Amino acid sequence: MILQRIIFFLLALFFMSCSDGDSGKSKINIWHQMHYENRKVLREICDEYEQQNSNLQINLTYRETEELRSNFQSSAMGGSGPELIYGPSDQVGPFATMRIIQPLDTLFEESFFAGFVENSIIEYQGSKWMVGDVVGNHLMLIYNKKLIQSPPQNTDELIKEGKALTRDMDG
Numbered sequence: 000m001i002l003q004r005i006i007f008f009l010l011a012l013f014f015m016s017c018s019d020g021d022s023g024k025s026k027i028n029i030w031h032q033m034h035y036e037n038r039k040v041l042r043e044i045c046d047e048y049e050q051q052n053s054n055l056q057i058n059l060t061y062r063e064t065e066e067l068r069s070n071f072q073s074s075a076m077g078g079s080g081p082e083l084i085y086g087p088s089d090q091v092g093p094f095a096t097m098r099i100i101q102p103l104d105t106l107f108e109e110s111f112f113a114g115f116v117e118n119s120i121i122e123y124q125g126s127k128w129m130v131g132d133v134v135g136n137h138l139m140l141i142y143n144k145k146l147i148q149s150p151p152q153n154t155d156e157l158i159k160e161g162k163a164l165t166r167d168m169d170g
């Protein structure tokens with residue numbers, strides 16, 4: 000399972016950057032935006048990892064997309080925040096520019112990345128910043144066959160059809 004491989008990889012990566020708490024265990028704080036079903040799987044994977052590493056405690060915190068972005072940005076700029084975030088790749092550019100994340104290729108040899116699908120590795124300004132377990136943001140255009148005989152084949156056709164079917168209801 001690619002998700003499990005990535006989680007284990009990231010947990011191992013951040014293990015050495017964790018701080019000790021009162022429990023004597025090193026803590027890894029992960030902020031994520033996983034749907035409920037996936038959160039259960041993530042917790043199971045983290046529990047298994049904790050069992051294999053008894054000196055480690057993994058804290059998971061769910062945050063909505065915007066809350067994840069803004070809270071991580073504020074926390075990281077202030078020198079705190081989680082050791083790991085699991086979120087959308089569109090924040091790599093801003094986070095890298097703010098220097099609040101570290102490129103992965105400074106931590107791993109190039110051969111490490113050979114085990115991943117190429118388009119799952121997010122690169123920005125010549126560095127590798129993220130390895131995704133989900134690739135794509137698939138959008139769909141659905142049309143009403145009662146209104147349009149066949150779907151538009153390009154943007155120009157879409158605009159033409161849209162104008163032809165639009166009625167001015169406000170005068």
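In terms of numbering that gives the first Met the number 0, the sequence shown has 152 at position 153, counting the first letter as 1, and numbering is strictly consecutive. C-beta atoms are modelled at their ideal positions from N, C-alpha and C, and glycine is treated no differently. A quick note: this is a predicted structure, and the numbers were derived from the prediction, not measured.
Between which residues of its own chain and residue i is the CB-CB distance below 7 Å, once the five residues before and five after are set aside?
i       : result
Gln-51  : none
Tyr-142 : Pro-150
Leu-184 : Outside the modelled stretch of the chain, which goes from 0 to 170, sits residue 184, for which no answer is possible.
Tell me the DSSP secondary structure of residue i in three-state form.
i      : result
Met-76 : helix
Thr-60 : strand
Ser-53 : coil
Asn-37 : helix
CB of residue i to nearest heavy atom of the ligand HEM: below 7 Å?
i      : result
Pro-93 : Annotation note on the ligand HEM: not contained in the displayed structure, which lists no ligands.
Assuming residue i and residue j are in contact, meaning their beta carbons sit under 8 Å apart, how far apart are those beta carbons, in whole angstroms?
i       : j      : result
Tyr-123 : Gly-77 : Not really, about 23 Å apart at Cβ, beyond 8 Å.
Asn-54  : Ser-25 : 6 Å
Leu-67  : Ile-84 : 7 Å
Ile-29  : Pro-81 : 6 Å
Less than 6 Å between C-beta atoms, sequence neighbours within five positions excluded: which residues of the same chain meet that for residue i?
i      : result
Asp-46 : none
For residue i, which residues in the same chain have their Cβ closer than 8 Å to its Cβ, ignoring the five residues on either side in sequence?
i      : result
Ala-95 : Pro-102, Tyr-123, Gln-124, Ser-126, Trp-128
At least three beta-carbon pairs within less than 8 Å, the segment 118–128 to the segment 80–93: yes
contact_flag[the segment 102–116, the segment 69–76] where n(CB pairs < 8 Å) is 3 or more: no
Stretch pair the segment 98–105 + the segment 54–64: three plus CB contacts closer than 8 Å: no
Start-end ranges of the beta strand (DSSP E) lying completely within the segment 87–169, minimum 3 residues: 120–123, 126–130
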